[in-house]
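Step one of this worksheet: look at the structure below.
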Amino acid sequence: MAASDEASRPFAGLSDVSISDDIAVEGDISVPVGPSARRDDEFSTLDEPVRETVLRDLRAVGKKFVHVLYPKRSAALLRDWDLWGPLLLCVTLALLLQGGAADSDYQGGPQFAEVFVIVWFGSIIITLNSKLLGGTISFFQSLCVLGYCILPLTAAMAVCRIVLVAGSGPVSFAVRLAVVTASFGWSTFASTAFLADSQPANRKALVVYPVFLFYFVIGWMVLTFSPSQ
Amino acid sequence: MSVGSGNRNTNTEPWGSFDDNLVQGGGSAVIDMENMDDTSGSSFEDMGEMHQRMKEEEEVTAEAAATEDDTAEDGEFLGMKGLKGQLGRQVADEVWQAGKRQASKAFNLYANIDILRPYFDVEPVQVRSRLMESMIPVRMINFPQKIAGELYGPLMLVFTLVAILLHGMKTSDTVIREGTLMGTAIGTCFGYWLGVSSFIYFLAYLVNAQITMLQMLSLLGYGLFGHCVVLLVTYNIHFHFLFYVLWLLCGGLSTLRMVTALLSRTVGQTPRLLLCGTLSVLHMLFLLYLHFAYHKIVEGLLDSLEGPNLAPMQRVARDVPELTLNATVRGPGPLLKAI
Chain A
1 MAASDEASRP FAGLSDVSIS DDIAVEGDIS VPVGPSARRD DEFSTLDEPV
51 RETVLRDLRA VGKKFVHVLY PKRSAALLRD WDLWGPLLLC VTLALLLQGG
101 AADSDYQGGP QFAEVFVIVW FGSIIITLNS KLLGGTISFF QSLCVLGYCI
151 LPLTAAMAVC RIVLVAGSGP VSFAVRLAVV TASFGWSTFA STAFLADSQP
201 ANRKALVVYP VFLFYFVIGW MVLTFSPSQ
Chain B
1 MSVGSGNRNT NTEPWGSFDD NLVQGGGSAV IDMENMDDTS GSSFEDMGEM
51 HQRMKEEEEV TAEAAATEDD TAEDGEFLGM KGLKGQLGRQ VADEVWQAGK
101 RQASKAFNLY ANIDILRPYF DVEPVQVRSR LMESMIPVRM INFPQKIAGE
151 LYGPLMLVFT LVAILLHGMK TSDTVIREGT LMGTAIGTCF GYWLGVSSFI
201 YFLAYLVNAQ ITMLQMLSLL GYGLFGHCVV LLVTYNIHFH FLFYVLWLLC
251 GGLSTLRMVT ALLSRTVGQT PRLLLCGTLS VLHMLFLLYL HFAYHKIVEG
301 LLDSLEGPNL APMQRVARDV PELTLNATVR GPGPLLKAI
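Top line first, the protein sequences correspond to chains A and B. Note that the first sequence covers residues 1 to 229 in the UniProt record's numbering. Note that the second sequence covers residues 1 to 339 in the UniProt record's numbering.
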């Protein structure tokens with residue numbers, strides 16, 4: 001048959017290939033729907049239980065917390081950025097800072113908003129600044145890093161609140177000052193470990209200063225917090 | 001096998017293209033629409049059967065997807081059963097791509113921060129030297145002085161001033177009724193920097209002085225360095241005499257620096273007087289305002305250290321009517337008159 005002749009001459013004279021009328025060419029060349037659906041299922045997380053979804057995100061957030069506490073030059077924080085951690089930390093810090101003014105009736109509200117504004121707009125401005133100075137990090141990656149590095153200051157706020165329960169004398173002030181200074185230094189060091197790498201070598205100081213100022217303002221808000229009587 | 005609709009057949013093979021043969025396949029995905037009515041090589045029964053099957057399937061999908069009118073109509077029109085999903089996906093994909101392209105174009109046009117990039121092109125050494133120079137007036141006023149056009153230093157100085165102001169407001173227990181502490185601090189500092197820069201630039205434009213807006217912003221921004229230093233010291237050390245000395249010294253030096261820079265770029269006595277007079281008055285008064293508006297008087301400390309004659313002045317510094325009534329003021333009186 002013509003087919004066997006062609007098989008003996010591979011790719012030679014392809015123009016000679018002809019399918020005569022009596023050989024019925026039929027078949028089912030339909031797009032296989034089965035395997036692709038299965039592929040979609042592997043990436044689709046729509047059908048998994050809610051608990052699994054929440055736990056997966058919480059585990060990712062927890063992993064990044066660990067990265068902040070032990071700042072090494074790892075790319076995990078930058079690669080899989082997310083803003084859940086910064087949001088959680090911001091809300092916690094704002095809640096802890098509330099209720100600490102002389103007239104707490106109308107200053108309770110603005111304090112919460114103030115912390116939010118300071119954290120988010122401060123982060124945005126630092127990100128814009130580092131991008132303008134020629135940084136290679138993306139906008140949201142930078143927001144992610146700055147937000148996560150508030151963790152030491154939030155921990156310091158919790159410690160300060162506990163210390164203030166005991167009393168508010170000079171001893172407690174000294175303890176609080178030490179704790180806040182240590183955590184402020186830690187935050188600044190942790191964030192510059194991630195951010196400064198993305199800058200050219202001679203301009204690191206220009207990026208570090210706004211970060212220093214940012215955490216200084218937050219640290220100072222934590223330190224000057226005094227609970228209303 | 002004759003070649004079906006010749007206008008669409010781009011295949012030059014003598015045995016015809018693949019498309020022709022698939023019309024007869026059941027459940028096939030690649031169907032040429034023109035071949036639907038091609039009865040060549042196929043029996044009428046087959047065609048009829050296929051048409052019937054398609055009509056039934058269309059009815060089923062039309063009932064099932066009642067909301068997807070477009071795709072159902074597409075299916076009926078093009079006769080592609082089993083492809084409605086794929087066509088819909090393709091269309092959706094193309095719409096998404098087009099939308100993304102438009103959005104990124106708009107974003108690149110309006111939110112392009114690269115416009116500001118040249119103004120942030122500085123080295124830390126340059127920033128440090130400019131900070132030092134902002135307190136050193138240059139005596140050359142016959143030739144235009146060089147003013148650096150950068151925005152990093154001024155922006156950082158404004159933020160530092162905001163932070164220092166926040167500290168001062170908190171320690172003085174300032175109560176802001178309509179707004180927040182943060183909002184007031186940011187509004188004051190940025191308002192001063194941008195507002196006074198614009199105003200002086202406007203005046204410079206009127207008297208035809210050779211200065212650009214960027215240079216004015218930069219000049220005034222670096223002039224805030226003196227303010228930062230003075231406020232940092234006097235918000236923590238509450239001696240009024242110290243404040244007045246620092247006000248004259250640091251405030252005066254930074255004002256002189258700005259004034260000489262402007263003088264070198266202005267021609268004519270009256271324009272020079274107008275421009276430099278306005279700038280120095282605004283600059284010095286701003287420092288005075290920042291100190292007295294957000295400053296706590298530590299009464300016990302002052303009473304014990306300064307003595308009784310200055311104490312009444314300090315005790316009522318935040319309350320203007322009592323200031324004018326107080327006749328025992330001696331020290332700051334001549335200073336106030338000299339302004």
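Idealized CB from N, CA, C, for every residue including glycine.
CB-CB under 7 Å to V281 of chain B, same chain, minus the five flanking residues each way: which ones, in chain order? No residues qualify anywhere along the chain.
Just how far apart, CA to CA, sit A327 of chain B and L288 of chain B? Low local confidence applies: a pLDDT of 48 at A327 of chain B is under 50, so the model's placement there is unreliable, with the coordinate-based value given in what follows. Cα-Cα distance, rounded: 22 Å.
Across the segment 231-245 of chain B and the segment 258-270 of chain B, are there enough close Cβ pairs to call them in contact, namely three or more that are closer than 8 Å? Flag = no, the segment 231-245 of chain B and the segment 258-270 of chain B do not touch.
Whose Cβ in chain A lies nearer than 7 Å to the Cβ of F120 of chain B? Within 7 Å Cβ-Cβ: L132, L133.
Does any C-beta atom of chain A lie closer than 8 Å to the C-beta of E56 of chain B? No, E56 of chain B lies away from the interface with chain A (no Cβ there is under 8 Å from its Cβ).
Take the Cβ of L116 of chain B as the centre, count every other Cβ of all protein chains shown within 10 Å, and call the residue buried at 16 or more, exposed below. L116 of chain B should be labelled exposed.
Cα-Cα separation, L206 of chain A to G88 of chain B: Distance between the alpha carbons of L206 of chain A and G88 of chain B: 51 Å.
Between the alpha carbons of D93 of chain B and L195 of chain A, how many angstroms are there, rounded? Rounded to whole angstroms, D93 of chain B to L195 of chain A spans 36 Å at the Cα level.
Contacts that M156 of chain B makes with chain A (C-beta to C-beta distance below 8 Å): Correct list: Y209, P210, L213.
Which of the three DSSP states, helix, strand or coil, is assigned to M169 of chain B? Helix, per DSSP.
Just the C-alpha distance for S123 of chain A and V208 of chain A, rounded to the nearest angstrom, thanks. Rounded to the nearest whole angstrom, the CA to CA distance from S123 of chain A to V208 of chain A is 13 Å.
Taking a cut of 8 Å between CB atoms, which residues from the segment 86-117 of chain B lie near chain A? Taking 8 Å as the Cβ-Cβ cut-off against chain A, the residues of the segment 86-117 of chain B that qualify are Q86, I113, L116, R117.
Within chain B, the residues that F216 of chain A reaches when beta carbons sit closer than 8 Å: Taking the beta carbon of F216 of chain A as reference, the chain B residues within 8 Å of it are A163, listed in sequence order.
Where does the unbroken alpha helix (DSSP H) through M135 of chain B begin, and where does it stop? In the DSSP assignment, M135 of chain B falls outside any alpha helix (DSSP H), carrying neither H nor E.
Which runs of the alpha helix (DSSP H) fall wholly inside the segment 222-290 of chain B and span at least 4 residues, in chain order? DSSP runs (the alpha helix (DSSP H)) wholly in the segment 222-290 of chain B: 240-246, 252-263.
Return the CA-CA distance between D303 of chain B and F286 of chain B, expressed in angstroms with no decimal places. Residue placement at D303 of chain B is poorly supported in this model, since its pLDDT is 46, which falls under 50; the coordinates still yield a value, given next. Roughly 28 Å between the two C-alpha positions.
Are the C-beta of P144 of chain B and some C-beta of chain A separated by less than 8 Å? Taking Cβ atoms only, chain A never reaches closer than 8 Å to P144 of chain B, which makes this a no.
In chain B, which residues lie with their C-beta within 8 Å of the C-beta of I124 of chain A? Residues of chain B passing the Cβ test: none, with the nearest at roughly 11 Å.
Three or more C-beta pairs below 8 Å linking the segment 123-132 of chain B and the segment 140-157 of chain A: Note that the segment 123-132 of chain B does not touch the segment 140-157 of chain A; fewer than 3 beta-carbon pairs, one per stretch, sit closer than 8 Å.
Drop a sphere of 10 angstroms on the beta-carbon of Q199 of chain A, count the other beta-carbons inside from all chains shown, and report buried for 16 or more, exposed for fewer. Using a 10 angstroms sphere on the CB of Q199 of chain A, the tally of other CB atoms reaches 16 or more, which defines it as buried.
Amino acids of chain A, ordered along the chain, whose beta-carbon sits closer than 8 Å to that of P124 of chain B: When 8 Å is used as the limit between beta carbons, P124 of chain B is near these residues of chain A: N202, R203, A205, L206, in chain order.
Using a beta-carbon distance below 8 Å, is W120 of chain A in contact with chain B? It does not; no Cβ of chain B falls within 8 Å.
Are the CB atoms of L224 of chain B and L161 of chain B within a distance shorter than 8 Å? Contact: yes.
Tell me whether the segment 129-138 of chain A and the segment 89-99 of chain A touch, counting them as touching only if at least three CB pairs, one residue from each stretch, are closer than 8 Å. No: the two stretches stay apart, fewer than three of their Cβ pairs being nearer than 8 Å.
Cβ-Cβ separation, T266 of chain B to V207 of chain B (assumed contact under 8 Å), whole Å: Their Cβ separation, rounded to whole angstroms, is 6 Å, which keeps V207 of chain B and T266 of chain B in contact under 8 Å.
What is the rounded straight-line gap between the Cα of P86 of chain A and the Cα of Q90 of chain B? A straight-line Cα-Cα distance of about 37 Å links P86 of chain A and Q90 of chain B.
Along the chain, where does the alpha helix (DSSP H) that runs through P152 of chain A open and close? For P152 of chain A, the uninterrupted alpha helix (DSSP H) run begins and ends at 151-166, by DSSP.
Name the chain B residues whose beta carbon is nearer than 7 Å to that of W81 of chain A? Against W81 of chain A, chain B offers no close residue; the least beta-carbon distance is about 19 Å (beta-carbon pairs closer than 7 Å).
Are V179 of chain A and V165 of chain A closer than 8 Å when you measure CB to CB? In terms of Cβ geometry, V179 of chain A and V165 of chain A do not form a close pair [threshold 8 Å].
Minimum C-alpha distance to I218 of chain A - residue among B:G187, B:Q215, B:L166: The shortest Cα separation from I218 of chain A among B:G187, B:Q215, B:L166 belongs to B:L166.
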